[in-house]
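A.B. asks: Sharing a structure here in structure tokens format.
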Amino acid sequence: MGNRDSVFSEEKNNVPVGNDEQRIRNISSSLGRNKTLKNLTTNLDGIYYENNDESVHIPLKTSEEEYSEQSTNDNIDGDTMLGGLMMVHERQEDMICGPVMPQGGIQALEAMLFTLDYINDPRNGVLDRGMKVGARIFDDCDKDTYGLEQAVDFIKGSISNIHDQEYKCSDGSSSKVKVIDGVVGAASSVTSIQVANLLRLFKIPQ
2 MGNRDSVFSE
12 EKNNVPVGND
22 EQRIRNISSS
32 LGRNKTLKNL
42 TTNLDGIYYE
52 NNDESVHIPL
62 KTSEEEYSEQ
72 STNDNIDGDT
82 MLGGLMMVHE
92 RQEDMICGPV
102 MPQGGIQALE
112 AMLFTLDYIN
122 DPRNGVLDRG
132 MKVGARIFDD
142 CDKDTYGLEQ
152 AVDFIKGSIS
162 NIHDQEYKCS
172 DGSSSKVKVI
182 DGVVGAASSV
192 TSIQVANLLR
202 LFKIPQ
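For the sequence shown, our numbering begins at 2 and goes up steadily by one.
Laid out in structure tokens, this is it:
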């Protein structure tokens, strides 16, 4: 189905839950309890805000090594970019992700990929010639905390535009960060609410 870089795999998800998982759980709890975040500031290092007199920092992963830790994503380049959160793997308490869900999870992912392939095919006449809709899709593994961590990737383009900065690669070259224009998902309402609290800060529809 088209040209896309997919690294959805069961093996890469069997990573024990550690301090990062607890950190995201705390962030998730903070975002879920509060409708108004005080002193919100952003830069390419992360998101900063005050919550009940407590300073909170959500770091943004930018290095090649840190990106490799995000084990489940699917990338399709395009002029307009969508985000996606799919429940491809099952929840598992002692691991970040459990086994693959061959029914609901994989079917939802393939449905989105099929739709993108269809509308991007010029023979179907859906888009103006030369236009293409892309996507960056992540697996939330049926966990609201992990889904929120993955969703941080959706706001990087917005932050880059706010500060008029570019990410720098290890060789010194610049890597353009595209803005996500909308997000599909998550399948779980609990995860969807947590992600919505983050996306609304950057006016990204869900």
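Just so it is clear, CB atoms sit at the ideal spot from N, CA and C, and this is done for glycine as well. Just so you know, these numbers come straight off a predicted model, no measurement behind them.
1) May I ask you to list the residues that DSSP assigns as paired with Met-87?
2) Identify the residues that DSSP records as bridge partners of Gly-135: which are they?
3) Going straight from the alpha carbon of Asn-74 to that of Lys-144, what length do you get?
4) Report the rounded CA-to-CA distance for Glu-111 versus Met-102, giving the unit in angstroms.
5) Just to confirm the assignment, what range does the alpha helix (DSSP H) spanning Gly-106 have?
6) Compute the beta-carbon to beta-carbon distance between Gly-158 and Val-180, rounded to the nearest angstrom, for a pair I have assumed lies under 8 Å.
7) Measuring only the C-alpha atoms, how far is Gly-79 from Leu-114?
8) Tell me the rounded alpha-carbon separation between Arg-130 and Ala-109.
9) When the Cα of Leu-83 is compared with those of Ile-107, Asp-122, Gly-183, which residue comes out closest?
10) Run the CB neighbour count on Tyr-68, radius 10 Å, all protein chains shown included, and call it buried at 16 or more, exposed below.
11) Taking the straight line between their C-alpha atoms, what separation do you get for Phe-155 and Cys-142?
12) So, Val-134 versus Leu-149, is the Cβ gap smaller than 7 Å?
13) Do the CB positions of Met-88 and Gly-106 come within less than 7 Å of each other?
C.D. replies: The short version:
1) Working through the sequence shown from its first residue, we reach residue 87 at position 86. Beta-bridge annotation (DSSP): Met-87 is paired with Asp-140.
2) Stepping through the sequence shown from its first residue, residue 135 is reached at position 134. Met-82.
3) Numbered from 1 along the sequence shown, position 73 holds the residue referred to as residue 74. Numbered from 1 along the sequence shown, position 143 holds the residue referred to as residue 144. Their backbone Cα atoms lie some 15 Å apart in a straight line.
4) In the sequence shown, the residue the question calls residue 111 occupies position 110. In the sequence shown, the residue the question calls residue 102 occupies position 101. Counting only the Cα atoms, Met-102 lies some 12 Å from Glu-111.
5) Position 105 of the sequence shown, counted from the start, is the residue given in the question as residue 106. For Gly-106, the enclosing alpha helix (DSSP H) stretches over residues 105 to 121.
6) Locating residue 158 in the sequence shown gives position 157, counting from the first residue. Locating residue 180 in the sequence shown gives position 179, counting from the first residue. A Cβ-Cβ separation of about 4 Å places Gly-158 in contact with Val-180 under the 8 Å criterion.
7) Counting from 1 along the sequence shown, the entry for residue 79 is found at position 78. Counting from 1 along the sequence shown, the entry for residue 114 is found at position 113. Approximately 13 Å between the Cα atoms of the pair.
8) Here residue 130 refers to the residue found at position 129 of the sequence shown. Here residue 109 refers to the residue found at position 108 of the sequence shown. Cα atoms of Arg-130 and Ala-109: separation of roughly 27 Å, rounded to the nearest angstrom.
9) Within the sequence shown, residue 83 is the residue found at index 82, counting from 1. Among Ile-107, Asp-122, Gly-183, the Cα nearest to that of Leu-83 belongs to Gly-183.
10) On the sequence shown, residue 68 is found 67 positions in, with the first residue counted as 1. In this prediction, Tyr-68 scores a pLDDT of 36, lower than 50, which makes its location untrustworthy; the coordinate-derived value is nonetheless stated afterwards. Tyr-68 should be labelled exposed.
11) Translated into the one-based positions of the sequence shown, residue 155 becomes position 154. Translated into the one-based positions of the sequence shown, residue 142 becomes position 141. Approximately 17 Å between the Cα atoms of the pair.
12) As a first step, residue 134 must be located in the sequence shown, where it is residue number 133. As a first step, residue 149 must be located in the sequence shown, where it is residue number 148. With a cutoff of 7 Å on beta-carbon distance, Val-134 and Leu-149 are scored as not near each other.
13) Here residue 88 refers to the residue found at position 87 when the sequence shown is read from its first residue. Here residue 106 refers to the residue found at position 105 when the sequence shown is read from its first residue. Contact: yes.
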